[in-house]
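Below is one structure, written out as C-alpha cells; comments come after it.
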Amino acid sequence: IPGNIAVIVQLLHNISTVLWTGVDEVKMQSYSTMANHILNSRSISNWTFIPERNSSCVLLHSVNSFARKLFINKYPIDISDAFIHTTGATISRDNAGKNFTFSMRINDTGSEITGRVLISRDELQKIPAPSQAVSIAFPTLGAILEASVLENVTVNGLVLSVILPKELKRISLIFEKISKSEERRTQCVGWHPLESRWDQQACQMIQENSQQAVCKCRPSKLFTSFSILTSPHILESPILTHVTYIGLGISICSLILCLSIEALVWGQVTKTEISYLRHVCVANIAATLLMADVWFIVASFLSGPMTHHNACVAATFFVHFFYLSVFFWMLAKALLILYGILIVFHTLPKSVLVAALFSVGYGCPLLIAAVTVAATEPSKGYLRPEACWLNWDMTKALLAFVVPALAIVVVNLITVTLVIVKTQRAAIGSSMFQEVRAIVRISKNIAILTPLLGLTWGFGIATVVDDSNLAFHIIFSLLNAFQVSLDATDPVLSGRTQEEVLFMGPRTKFLCLYTNIF
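All letters in the sequence shown, in the order written, are residues -20 to -1, 1 to 498 by mature numbering (1 follows the signal peptide of the UniProt record, and there is no 0).
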C-alpha cells in the first residue's frame, strides 16, 4: 500500500537522523528488515502512487546514512535479506586488496544477478590506520528510482552503495547486466543525493560486453551509491561509423578543391563588388566547414570527457563554433542578396560590407559558442558523458546549435522567396540587368543549399527525439557529410566563373570538371 510505504520511509529516515552512534550488527539487521519490506519486488508498482516523488531518494539516503554509523569489530558482518544485502569488514594497509561480492534475485522468477566491489592494494596503501568498509546491494531499488525520478533510461544492474574511508578515491565495480543486449547504451553512474539524479561524472566505463560492465568510480561523502544505466537508444553502428568517416573524407577533399579553385580564379571572378562579396562568402563557407570537419575528427578520436575532459571541451567548442559559422556565413550570403535587391541607390562602401559580413559570419557564432560553454561547463553540463559534443539530456546545450541553425534555414528560405518575387519585376533591358543576373545566380545556389541543410538538421532533430531509429542516424550522417558537395561546386556553378576558367589552361579545367563530379 503506498501509504504504508511512505510511513516506513519516513520512519527509516527519522531513525537514521536521530541515532548518531552505536549501530551494531543487531540494529543493522533490524533496520534492514524494515527496509526489505518496502523494497520487495511486488511493491515496485506502488511507489509510483506515493505523493512524495522523492521518497525513493530519501530511502537510499537514509540507508546509507545509517550504514555509515555501523561499527565493525574484528570480524566481518554479513546481513542478507531478499532485497537488501549488507556486508562489512575491517581494512588496513596490510590487506592485499578487498572485494565484496553479491548475488541477488531481482524478482520472483528466481534469476539472480551479481555485483562486485573491488578495492585495490594501491588504494589501501592510502589508509593511515586500520579502518572499515561497508557495502550494500539493492536489486530492486534501481527500478524504484526509475519509477520515481528517471526518464528514458533504466537501471540495468544492482545498486551498490559503499561506505569507505575518505582516503580511498578509486574503486572498481563490476555489474552484471539485467538486460543483456549489445545494442543498448550503457553508462556507469553515481547517485547525486543533493540533486536526486544519477550523475555520469562520478564514474567511468572501463570495459563492457553483453554480460557485464566494469566501472571505475570515485567514492566520496557525496557519491556513495553507484549503478549502470541503460538507454533504449542505439549507441553506435558500424555502418553509421563508416558512412560518417567516408563522407567526411570526401567532404574534406572537396573543400580543399573548392578553396584551391577559388584561389586560382579569384582575380577573374571578383571584378565587380557583388561578385567579390559573393566569393568572400563562398570561400568562408568552405573554410569554416573544412575546419569544422577537422575538429569533428579530432573530437571523435578523443576517448571521452572522463579521460580527456579539457581536450574534449576545447574540441566541442571549436566544432560548435565552426559549424555555426557555416550557417551564419550562409545567413550573411542571404543578407547580401537582400542588400543588393532592396538597397539600390544608397550603397555602402565595400569595406563596410566586408566588415559586416565577417561580424555576422564569425562574431555571432563566437558569441553563442562562448556563452554556451560559460553557462554550462561550470556545472559539468556542457559535454555529453559518452562523447565530445554538446549535452542534451541534462542542460539541453545542443539547442545552442540547433536553434540558430534552423532559424537561419528559415531566414534563407524567406530570402529565396523574396528574390523570386523581386527579380520577376526587373526588366530585362534595364541597367540593372547584369546585377540582377548575378543576384539570381546567388539565389539559385542558396535555393539548392538551404533546403538540403534544412533537411539535414530536420533529421538531426529526429535523432534527438527518437535516438533509437538507426535510419534517422544514417540519413542524417549521409546528408551532413555530403552536403559539402554542393558548396564545393559553388565556385564553378556560375556561368561567369566557367567562362573565366576557360582561359586559364587545361589544369584548371580539370579541377573544375573534377569538382563538378561531386
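Just so it is clear, CB atoms sit at the ideal spot from N, CA and C, and this is done for glycine as well.
From the options, residue whose alpha carbon lies closest to that of residue i
i: residue 95; options: 181, 223, 41, 85; result: 85
i: residue 63; options: 18, 36, 54; result: 18
i: residue -6; options: 14, -17, -16; result: 14
i: residue 24; options: 323, 297, 306, 125; result: 125
i: residue 172; options: 37, -4, 208; result: 37
i: residue 253; options: 401, 328, 5; result: 328
i: residue 339; options: 308, 351, 352; result: 308
i: residue 371; options: 196, 236, 180; result: 180
i: residue 1; options: 101, 110, 52; result: 52
i: residue 79; options: 54, -11, 116, 10; result: 116
i: residue 154; options: 112, 83, 226; result: 83
i: residue -11; options: 242, 26, 28, 32; result: 32
i: residue 337; options: 345, 313, 346, 306; result: 313
i: residue 87; options: 233, 401, 200, 20; result: 20
i: residue 16; options: 401, 243, 65; result: 65
Through-space distance from residue j to residue i, alpha-carbon basis
i: residue 175; j: residue 386; result: 33 Å
i: residue 248; j: residue 330; result: 18 Å
i: residue 34; j: residue 343; result: 44 Å
i: residue 67; j: residue 361; result: 35 Å
i: residue 30; j: residue -14; result: 10 Å
i: residue 367; j: residue 193; result: 18 Å
i: residue 50; j: residue 288; result: 38 Å
i: residue 42; j: residue 8; result: 12 Å
i: residue 190; j: residue 3; result: 40 Å
i: residue 272; j: residue 384; result: 16 Å
i: residue 432; j: residue 396; result: Residue confidence is low: residue 432 scores 45 on pLDDT, short of 50, so the model does not pin down where it sits. No coordinate-derived value is stated.
i: residue 136; j: residue 160; result: 9 Å
i: residue 333; j: residue 238; result: 23 Å
i: residue 145; j: residue 169; result: 20 Å
i: residue 274; j: residue 369; result: 14 Å
i: residue 291; j: residue 279; result: 8 Å
i: residue 251; j: residue 352; result: 40 Å
i: residue 73; j: residue 177; result: 34 Å
i: residue 323; j: residue 391; result: 18 Å
i: residue 358; j: residue 202; result: 18 Å
i: residue -17; j: residue 22; result: 14 Å
i: residue 6; j: residue 69; result: 16 Å
i: residue 473; j: residue 133; result: Because the pLDDT of residue 473 is 47, which lies under 50, any placement of that residue in the model is unreliable, and the question is left without a value.
i: residue 55; j: residue 218; result: 52 Å
i: residue 112; j: residue 27; result: 33 Å
i: residue 240; j: residue 158; result: 55 Å
i: residue 123; j: residue 102; result: 34 Å
i: residue 245; j: residue 255; result: 12 Å
i: residue 235; j: residue 267; result: 7 Å
i: residue 57; j: residue 225; result: 54 Å
Extent of the continuous alpha helix (DSSP H) run through residue i
i: residue 45; result: 35 to 48
i: residue 258; result: 253 to 281
i: residue 16; result: 5 to 18
i: residue 310; result: 289 to 322
i: residue 338; result: 330 to 338
Cβ separation of residue i and residue j, assumed to be a contact under 8 Å, to the nearest whole Å
i: residue 311; j: residue 388; result: 5 Å
i: residue 223; j: residue 151; result: Not quite, the Cβ-Cβ distance comes to about 39 Å (not below 8 Å), so this is no contact.
i: residue 282; j: residue 295; result: 6 Å
i: residue 156; j: residue 71; result: That belief does not hold up - the Cβ atoms of residue 156 and residue 71 are roughly 24 Å apart, past 8 Å.
i: residue 228; j: residue 265; result: Wrong, their Cβ atoms sit about 17 Å apart, outside the cutoff.
i: residue 166; j: residue 188; result: 6 Å
i: residue 260; j: residue 363; result: Wrong, their Cβ atoms sit about 34 Å apart, outside the cutoff.
i: residue 61; j: residue 91; result: With 8 Å as the limit, residue 61 and residue 91 do not qualify as a contact, their Cβ atoms being about 18 Å apart.
Test item: CB-CB of residue i and residue j under 8 Å
i: residue 182; j: residue 114; result: no
i: residue 118; j: residue 104; result: no
i: residue 143; j: residue 204; result: yes
i: residue 393; j: residue 316; result: no
i: residue 262; j: residue 321; result: no
i: residue 300; j: residue 381; result: yes
i: residue 297; j: residue 355; result: no
i: residue 99; j: residue 77; result: yes
i: residue 121; j: residue -9; result: no
i: residue 197; j: residue 185; result: no
i: residue 140; j: residue 106; result: no
Residue-chain proximity (residue i, chain C), Cβ-Cβ < 8 Å
i: residue -12; result: Structure shown: chain C not included; a single protein chain is present.
Bounding residues of the beta strand (DSSP E) (the contiguous stretch that carries residue i)
i: residue 164; result: Looking at the DSSP string, residue 164 is not in any beta strand (DSSP E), and its letter there is neither H nor E.
i: residue 81; result: 78 to 85
i: residue 368; result: Note, residue 368: premise wrong, no beta strand (DSSP E); not H, not E.
i: residue 102; result: Premise fails: residue 102 lies in the alpha helix (DSSP H), 101 to 104, not in any beta strand (DSSP E).
i: residue 348; result: Here residue 348 belongs to no beta strand (DSSP E); instead the alpha helix (DSSP H) covers 344 to 356.
i: residue 196; result: 192 to 197
Distance cut-off 7 Å: residue i Cβ against heavy atoms of the ligand MG
i: residue 192; result: For the structure depicted, the ligand MG is absent and the ligand set is empty, with no information on it obtainable.
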